[in-house]
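Engineer: What follows is a structure written as structure tokens; I'll ask about it next.
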Amino acid sequence: MTSIRASIAVALVLASVIYGNPASAQTPPATEKLNAYVGCINRLSARALESRARYFSWVGKSGPTGKERIIYGLYTIYDTADCQKKAEAANALEPRDAALEAAATAYVTAVTALGPLLKETDDYYTQENYKDDKMAKGKALHPRLVAAWDAFASADRSLRDGVEAINDRRKAEELMAIEATEGRSARYHVAALMIGAKRVLRAEDATSPDIAAITKAVEAYEATVKAIDASGATGDAKVGSMFISQAKSFLTTAKQLMRRIRDKVPYSTGDKMMLSDTGSGWMVQGSSPRLLRDYNQLVDAYNSGARM
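According to my numbering, the sequence shown holds residues 3 to 310 in order.
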């Protein structure tokens with residue numbers, strides 16, 4: 003039931019979840035290292051994968067034929083030089099992590115190869131050169147694009163998995179530390195809620211969704227939302243009402259998607275049309291794009307301090 007676009011969007015919020023608060027003047031090397039990798043992901047990944055979605059919205063799996071009713075082209079990405087420079091510098095920082103550093107290197111290799119190819123292809127379609135060569139270059143570019151996107155998608159996933167594994171460990175340690183020093187305070191509940199929201203997102207965005215795992219994650223998240231309400235930690239100078247509102251909106255959508263998956267409820271023809279467009283999928287209730295939109299808004303509220 004989940005969509006390819008759902009998997010893409012996770013990268014958009016990765017840095018916000020890891021670094022919800024402004025970095026101090028003396029950023030620890032470990033944080034600086036991860037910041038560099040996440041900076042690459044947040045600047046380049048979504049656009050690169052949205053470019054693939056844009057391309058395949060009008061091109062068939064076998065490539066362009068020249069007989070398409072509408073030719074949209076694709077999207078280009080930002081310059082990759084800054085990502086390459088910062089990732090290479092980060093790889094030399096402590097703590098050393100061979101697997102993570104290798105993933106970063108593979109990411110840089112893939113994205114620096116993809117960037118110029120997207121520009122070359124964009125120029126071809128923007129200038130409508132396919133009208134002059136009967137789509138000959140478009141056909142030749144197709145297998146190169148597919149290979150480059152596949153290589154990038156794999157490298158992107160590996161780097162994000164590595165960063166997220168470190169983040170998960172840090173967040174769990176942070177939650178334990180807060181509880182040890184403050185008890186189940188407002189700060190504890192907010193931290194627990196963000197961890198729970200990420201678990202829900204992962205469960206519902208899995209390649210093969212496990213309804214038991216989804217139900218467990220949603221129930222645990224709902225219990226945390228209720229715990230904040232019951233604790234009296236909401237209101238002025240406590241947990242902000244906007245944050246709570248976003249937390250509940252995410253819960254509503256998570257439940258809608260859980261039920262759709264559980265009950266095997268198909269999308270309507272109109273839903274499918276909206277889901278086929280990157281910009282309108284969020285309007286479909288009980289969909290992965292809607293869940294990700296609500297998650298992004300929850301992250302924004304968290305980054306704003308989760309307080310009024």
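Every residue, glycine too, gets a C-beta built ideally from N, C-alpha and C.
With distances taken Cα to Cα, identify the nearest neighbour of residue 122 among 76, 304 and 160.
Structural biologist: As a working mapping, residue 122 is identified with position 120 in the sequence shown. The residue with the shortest Cα to Cα distance from residue 122 is 76.
Engineer: If you draw a straight line from the alpha carbon of residue 295 to that of residue 56, how long is it in whole angstroms?
Structural biologist: What you label residue 295 is simply residue 293 of the sequence shown in a count that begins at 1. What you label residue 56 is simply residue 54 of the sequence shown in a count that begins at 1. So the alpha carbons of these two residues sit roughly 19 Å apart.
Engineer: Applying the 10 Å Cβ sphere with the 16-neighbour rule, what's the burial state of residue 94?
Structural biologist: For the purposes of this step, residue 94 is identified with residue 92 of the sequence shown, where counting begins at 1. The residue is exposed, with fewer than 16 neighbouring Cβ atoms inside 10 Å.
Engineer: Is the segment 269-288 close to the segment 185-198, with three or more CB pairs under 8 Å?
Structural biologist: Too few Cβ pairs lie closer than 8 Å, so no.
Engineer: Which class does residue 267 belong to by DSSP, given the choice of helix, strand or coil?
Structural biologist: Residue numbering aside, residue 267 sits at position 265 when the sequence shown is read from its first letter. Residue state, collapsed to three classes: coil.
Engineer: For the segment 170-183 and the segment 123-137, state whether three or more C-beta atom pairs, one from each stretch, are separated by less than 8 Å.
Structural biologist: Too few Cβ pairs lie closer than 8 Å, so no.
Engineer: May I ask which residues mark the beginning and end of the alpha helix (DSSP H) holding residue 51?
Structural biologist: Residue mapping note: residue 51 aligns to position 49 of the sequence shown, counting from 1. From DSSP, the alpha helix (DSSP H) with residue 51 extends over 48-58.
Engineer: With 16 other CB atoms within 10 Å as the buried threshold, where does residue 194 fall?
Structural biologist: Taking the first residue of the sequence shown as position 1, residue 194 is located at position 192. Buried is the call here.
Engineer: Identify whether residue 40 lies in helix, strand or coil by the three-state DSSP scheme.
Structural biologist: Translated into the one-based positions of the sequence shown, residue 40 becomes position 38. In the structure shown, residue 40 sits in a helix (DSSP, three-state: H, G or I).
Engineer: Cα-Cα, which of 281, 133, 117 and 302 is closest to residue 196?
Structural biologist: Against the sequence shown, residue 196 aligns to sequence position 194. It is 302.
Engineer: For residue 131, report the span of its alpha helix (DSSP H) as first-last.
Structural biologist: On the sequence shown, position 129 is the one that residue 131 refers to. From DSSP, residue 131 is part of no alpha helix (DSSP H); its letter is neither H nor E.
Engineer: Can you check which of these residues, 306, 33, 300 and 43, is closest to residue 163 by C-alpha distance?
Structural biologist: On the sequence shown, position 161 is the one that residue 163 refers to. Among 306, 33, 300 and 43, the Cα nearest to that of residue 163 is on 43.
Engineer: Suppose you measure from the CA of residue 229 to the CA of residue 223; what does that come to, to the nearest Å?
Structural biologist: Here residue 229 corresponds to residue number 227 of the sequence shown, with the count starting at 1. Here residue 223 corresponds to residue number 221 of the sequence shown, with the count starting at 1. Distance between the alpha carbons of residue 229 and residue 223: 10 Å.
Engineer: Return the first residue and the last residue of the alpha helix (DSSP H) that residue 312 is part of.
Structural biologist: Residue 312 falls outside the range modelled here, since the chain spans only 3 to 310, and no answer is possible.
Engineer: Following a CB-centred definition, is residue 156 positioned closer than 7 Å to any heavy atom of the ligand NAP?
Structural biologist: The model depicted lacks the ligand NAP and carries no ligand whatsoever.
Engineer: For residue 113, count the other beta carbons within 10 Å of its own beta carbon; 16 or more makes it buried, fewer makes it exposed. Which is it?
Structural biologist: Locating residue 113 in the sequence shown gives position 111, counting from the first residue. When all chains shown are included, residue 113 counts as buried.
Engineer: Pick out whichever of 119, 38 and 267 has its Cα sitting closest to the Cα of residue 150.
Structural biologist: Residue mapping note: residue 150 aligns to position 148 of the sequence shown, counting from 1. That would be 119, whose Cα lies nearest to the Cα of residue 150.
Engineer: Taking the alpha helix (DSSP H) that residue 178 belongs to, which residues open and close that run?
Structural biologist: Stepping through the sequence shown from its first residue, residue 178 is reached at position 176. Here the alpha helix (DSSP H) through residue 178 covers 138-184.
Engineer: What did DSSP end up calling residue 97 once you bin it into helix, strand or coil?
Structural biologist: As a working note, residue 97 is residue 95 in the sequence shown. Residue state, collapsed to three classes: coil.
Engineer: Would you please state the rounded distance, in angstroms, between the beta carbons of residue 206 and residue 259? I believe it to be under 8 Å.
Structural biologist: Taking the sequence shown and counting its residues from 1, one reaches residue 206 at position 204. Taking the sequence shown and counting its residues from 1, one reaches residue 259 at position 257. Their Cβ separation, rounded to whole angstroms, is 5 Å, which keeps residue 206 and residue 259 in contact under 8 Å.
Engineer: Taking a contact to mean a Cβ-Cβ separation below 8 Å, would you say residue 241 touches residue 192 in this structure?
Structural biologist: The residue labelled residue 241 in the question sits at position 239 within the sequence shown. The residue labelled residue 192 in the question sits at position 190 within the sequence shown. Yes, the Cβ-Cβ distance between residue 241 and residue 192 is below 8 Å.
Engineer: Does the contact criterion of 3 or more C-beta pairs under 8 Å hold for the segment 206-216 versus the segment 134-149?
Structural biologist: In short, these stretches do not touch, since the Cβ pair count stays below three.
Engineer: Where does residue 273 sit, in a helix, a strand or coil, going by DSSP?
Structural biologist: The residue you call residue 273 lines up with position 271 of the sequence shown. Of the three classes helix, strand and coil, the one that applies to residue 273 here is helix, per DSSP.
Engineer: How is the alpha helix (DSSP H) around residue 195 delimited, first residue to last?
Structural biologist: Position 193 of the sequence shown, counted from the first residue, corresponds to residue 195. Note, residue 195: alpha helix (DSSP H), 188-206.
Engineer: Could you check what DSSP says for residue 7 in three-state terms: helix, strand or coil?
Structural biologist: For this step, residue 7 is matched to residue 5 along the sequence shown. Here the model assigns residue 7 a pLDDT of 36, short of 50, so the residue's position is not dependable and the matter cannot be decided.
Engineer: Can you name, in chain order, every residue of its own chain whose Cβ lies under 7 Å from the Cβ of residue 168, other than the five neighbours on each side?
Structural biologist: In the sequence shown, residue 168 corresponds to position 166, counting from 1. 36, listed in sequence order.
Engineer: Can you tell me whether residue 67 is buried or exposed? The criterion is at least 16 other CB atoms within 10 Å of its CB, across all chains shown.
Structural biologist: The count along the sequence shown starts at 1 and reaches residue 67 at position 65. So residue 67 ends up on the exposed side.
Engineer: Please go through the same chain and pick out, in chain order, the residues whose beta-carbon is closer than 6 Å to the beta-carbon of residue 109, but skip the five residues on each side of it.
Structural biologist: What you label residue 109 is simply residue 107 of the sequence shown in a count that begins at 1. Taken in chain order, the residues that qualify are 157 and 161.
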